[in-house]
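*Asks:*
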Amino acid sequence: MIIRKAVISNFNDALKLVKNTGSSSAVHELLAKKGVLNAIVIEKIDNRAANILKQEAISVGASVALNENVSRFKKGVSDTVLFATVNQIEKLVNKLRLQPFKLKEIALKLKNTLNKKKVFKYGERCLDLLNPVVMGIVNVDPNSFSGDGLTDPDKALEQAVEFEKLGAGVIDIGAESSRPGTKLVDVKTEIKRLIPALKRIKKNVKIPISVDTYKYETAKAALDEGADIINDIFALRKGGERSAELIADAKAGVILMHMKGIPKNMQTCPEYKNCTSEVYGFLARQKEYVVGFGIEEERIAVDPGPGFGKTVEHNVELIKSIGVFSTLGAVVGAVSRKRFVKALAGEDRTSFIAANFLAAFCGADIIRVHDVKETVKVLKIAETFRKI
Numbered sequence: 001m002i003i004r005k006a007v008i009s010n011f012n013d014a015l016k017l018v019k020n021t022g023s024s025s026a027v028h029e030l031l032a033k034k035g036v037l038n039a040i041v042i043e044k045i046d047n048r049a050a051n052i053l054k055q056e057a058i059s060v061g062a063s064v065a066l067n068e069n070v071s072r073f074k075k076g077v078s079d080t081v082l083f084a085t086v087n088q089i090e091k092l093v094n095k096l097r098l099q100p101f102k103l104k105e106i107a108l109k110l111k112n113t114l115n116k117k118k119v120f121k122y123g124e125r126c127l128d129l130l131n132p133v134v135m136g137i138v139n140v141d142p143n144s145f146s147g148d149g150l151t152d153p154d155k156a157l158e159q160a161v162e163f164e165k166l167g168a169g170v171i172d173i174g175a176e177s178s179r180p181g182t183k184l185v186d187v188k189t190e191i192k193r194l195i196p197a198l199k200r201i202k203k204n205v206k207i208p209i210s211v212d213t214y215k216y217e218t219a220k221a222a223l224d225e226g227a228d229i230i231n232d233i234f235a236l237r238k239g240g241e242r243s244a245e246l247i248a249d250a251k252a253g254v255i256l257m258h259m260k261g262i263p264k265n266m267q268t269c270p271e272y273k274n275c276t277s278e279v280y281g282f283l284a285r286q287k288e289y290v291v292g293f294g295i296e297e298e299r300i301a302v303d304p305g306p307g308f309g310k311t312v313e314h315n316v317e318l319i320k321s322i323g324v325f326s327t328l329g330a331v332v333g334a335v336s337r338k339r340f341v342k343a344l345a346g347e348d349r350t351s352f353i354a355a356n357f358l359a360a361f362c363g364a365d366i367i368r369v370h371d372v373k374e375t376v377k378v379l380k381i382a383e384t385f386r387k388i
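Numbered per the UniProt record's numbering, the sequence shown finishes at 388, counting up by one with no gaps.
1. Do you know whose CA, among I262, T189 and N204, lies nearest residue 398's CA?
2. On the DSSP bridge assignment, give the partners of S63 in chain order.
3. How many whole angstroms separate the CB atoms of K34 and T85, which I take to be in contact at a CB cut-off of 8 Å?
4. Would you mind stating whether F325 and Y289 have Cβ atoms separated by less than 8 Å?
5. Below 8 Å CB to CB, which residues in the same chain sit around C126 once its five sequence neighbours on both sides are set aside?
6. Starting from E43, trace the alpha helix (DSSP H) both ways and give me its first and last residue.
7. Cβ atoms of I319 and A345: under 8 Å apart, would you say?
8. If we count the other Cβ atoms within 10 Å of its Cβ and call it buried at 16 or more, is N94 buried or exposed?
9. What did DSSP end up calling D228 once you bin it into helix, strand or coil?
10. Please confirm whether D303 and M257 have their CB atoms less than 8 Å apart.
11. Taking DSSP as the reference, what is the three-state secondary structure of A301?
12. Quick check on DSSP: helix, strand or coil for S146?
13. Candidates V18, P100 and H28: which alpha carbon is nearest residue 424's?
14. Quick one: using the 10 Å Cβ neighbour count with 16 as the cut-off for buried, is G147 buried or exposed?
15. For N51, which three-state DSSP category applies?
16. When we look at the beta-carbon of P208 and count the other beta-carbons within 10 Å, is it buried (16 or more) or exposed?
17. How many Å lie between G123 and A49 at the Cα?
18. Taking DSSP as the reference, what is the three-state secondary structure of residue 392?
19. Keeping to the same chain, check which residues put their C-beta closer than 6 Å to that of G294; ignore five residues upstream and five downstream.
20. Can you check whether the CB of I106 is closer than 8 Å to the CB of L114?
21. Give the range of the beta strand (DSSP E) segment to which G22 is assigned.
22. Buried or exposed: which applies to F73, given that a residue is buried once 16 or more other Cβ atoms fall within 10 Å of its Cβ?
23. In angstroms with no decimal places, state the Cα-to-Cα distance between S177 and L31.
24. Output the boundary residues of the beta strand (DSSP E) element that contains R368.
25. What is the DSSP secondary structure of residue 417, counted as helix, strand or coil?
26. Rounded to whole angstroms, what is the Cα-Cα separation between K310 and R337?
27. Check the DSSP bridge columns for D212 and list the partner residues they point to.
28. Which value, in whole angstroms, describes the spacing of the CA atoms of I367 and K19?
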């Protein structure tokens, strides 16, 4: 007789263990759902709702960590952590739907945390995110922080075509540098740099094209020329209602990124009480905001913004917990050639490839990179580890 501890990191791990016992196929999924424990943070919940949540959680076999003020029946709000299996969450959702104090809303959000196939829609097509997708960066800004700015549209086209051949699933064109300390570029200059390259690339590649811009005028010009996705470092805060309606009307995809401050000052002593919580909250609010203007949820991806108003410690925390953001939609992992990677492991390509791998392994769906060839190779390893 041998007794050993099993390592379960996801539903597939649990399902494989159950199947290996030779049990009936009728119970495979049911038992596997009981094998994965989820820790779900619920912030600023009404203390009355927290008490009901605890009782209902206990009734399905789950556990809840509560603020001591909840146990003392004090008024106010607090943070709660629910520990439950998928099976328990499914049962709990049905119970909470019948309860007061916004527990019906909480039930809906809990349901959204359960595993489901994700897609990222753009136009009439969509990216299948069963495996991580590589987004190849084409910079047409001479001041690019990575030093690869291509001012010649034909050179930009060559790079985009090569990226597609190497296995990139998306091309991301940027005409304005967002490196720390950089000054903003005016609209005319950005469009003048962008459009010639975009036109050439659109005619010659089949994969979707994303344009990295936060300006309404640039986004409109790009969409008019066939861009599929708008990648906005300000999460539509600059373009606001006009940009949101523009993207909704075009049925384009949009990537909402978190940034504290602006590129010029974002790295000046950034502070957070809880980095992951604050970044998640911001992206959740921005997603709700843009949905209000008609952008479909499946057309929205989120980017926690590593390197944009964060310390090295903040960035490491975000990469480790990047899978948390999956409840908001497709998640972009953009760590390529960032300064915090250099601070951790030095300035060489191996360090950057390792960072890209970690972003994918920890749960990012779209990996935005400069080094397409190498990243495509290492992501095959990440795919295997996520599946097996």
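Just so it is clear, CB atoms sit at the ideal spot from N, CA and C, and this is done for glycine as well. Source: prediction; values computed, not measured.
*Replies:* Straight from the coordinates:
1. With the chain covering only 1 through 388, there is no way to say anything about residue 398.
2. In the sequence shown, the residue the question calls residue 63 occupies position 63. F83.
3. Position 34 of the sequence shown, counted from the start, is the residue given in the question as residue 34. Position 85 of the sequence shown, counted from the start, is the residue given in the question as residue 85. Rounded, the Cβ-Cβ distance is 5 Å, consistent with contact.
4. Within the sequence shown, residue 325 is the residue found at index 325, counting from 1. Within the sequence shown, residue 289 is the residue found at index 289, counting from 1. In this structure, Y289 does not lie closer than 8 Å to F325 by Cβ.
5. Residue mapping note: residue 126 aligns to position 126 of the sequence shown, counting from 1. Result list for C126: V119, F120 and E298, in chain order.
6. Position 43 of the sequence shown, counted from the first residue, corresponds to residue 43. Premise fails: E43 lies in the beta strand (DSSP E), L37 to D46, not in any alpha helix (DSSP H).
7. If you number the sequence shown from 1, residue 345 lands on position 345. If you number the sequence shown from 1, residue 319 lands on position 319. Taking 8 Å as the Cβ cut-off, A345 and I319 do not qualify as a contacting pair.
8. Taking the first residue of the sequence shown as 1, we reach residue 94 at position 94. Exposed: under 16 other Cβ atoms inside 10 Å.
9. On the sequence shown, position 228 is the one that residue 228 refers to. D228 sits in coil when the DSSP states are folded into three classes, being neither helix nor strand.
10. For the purposes of this step, residue 303 is identified with residue 303 of the sequence shown, where counting begins at 1. For the purposes of this step, residue 257 is identified with residue 257 of the sequence shown, where counting begins at 1. For the 8 Å CB-CB criterion, D303 and M257 form a contact.
11. Taking the first residue of the sequence shown as position 1, residue 301 is located at position 301. In this structure, A301 counts as strand in the three-state DSSP scheme.
12. For this step, residue 146 is matched to residue 146 along the sequence shown. Unreliable placement is indicated for S146, whose pLDDT of 49 sits below 50; the coordinate value is still reported in the next sentence. In the three-state scheme derived from DSSP, where H, G and I count as helix and E and B as strand, S146 is classed as coil.
13. Given a span of 1 to 388 for the chain in the structure shown, any question on residue 424 remains unanswerable.
14. The residue you call residue 147 lines up with position 147 of the sequence shown. Because the pLDDT of G147 is 47, which lies under 50, any placement of that residue in the model is unreliable, and the question is left without a value.
15. Stepping through the sequence shown from its first residue, residue 51 is reached at position 51. In the structure shown, N51 sits in a helix (DSSP, three-state: H, G or I).
16. Stepping through the sequence shown from its first residue, residue 208 is reached at position 208. Burial call: buried.
17. Mapped onto the sequence shown, residue 123 falls at position 123. Mapped onto the sequence shown, residue 49 falls at position 49. When the Cα atoms are used, G123 and A49 turn out to be separated by approximately 41 Å.
18. Here the chain covers residues 1 to 388 and nothing more, so residue 392 does not appear.
19. The residue labelled residue 294 in the question sits at position 294 within the sequence shown. Here the set comprises A248.
20. Against the sequence shown, residue 114 aligns to sequence position 114. Against the sequence shown, residue 106 aligns to sequence position 106. No; because the gap between Cβ atoms is not below 8 Å, this pair is not in contact.
21. Counting from one through the sequence shown, the residue named residue 22 turns up at place 22. Looking at the DSSP string, G22 is not in any beta strand (DSSP E), and its letter there is neither H nor E.
22. For the purposes of this step, residue 73 is identified with residue 73 of the sequence shown, where counting begins at 1. Exposed: under 16 other Cβ atoms inside 10 Å.
23. The residue labelled residue 177 in the question sits at position 177 within the sequence shown. The residue labelled residue 31 in the question sits at position 31 within the sequence shown. The C-alpha of S177 lies about 50 Å from the C-alpha of L31.
24. Position 368 of the sequence shown, counted from the first residue, corresponds to residue 368. Run containing R368: I366 to V369, per the beta strand (DSSP E) assignment.
25. An answer regarding residue 417 cannot be provided, because it is not within the stretch 1 to 388 covered by the chain.
26. Position 310 of the sequence shown, counting from 1, holds the residue named residue 310. Position 337 of the sequence shown, counting from 1, holds the residue named residue 337. Rounded to the nearest whole angstrom, the CA to CA distance from K310 to R337 is 15 Å.
27. Locating residue 212 in the sequence shown gives position 212, counting from the first residue. Looking at the DSSP assignment, D212 forms a beta bridge with G174 and N231.
28. Stepping through the sequence shown from its first residue, residue 367 is reached at position 367. Stepping through the sequence shown from its first residue, residue 19 is reached at position 19. Rounded to the nearest whole angstrom, the C-alpha separation of I367 and K19 is 33 Å.
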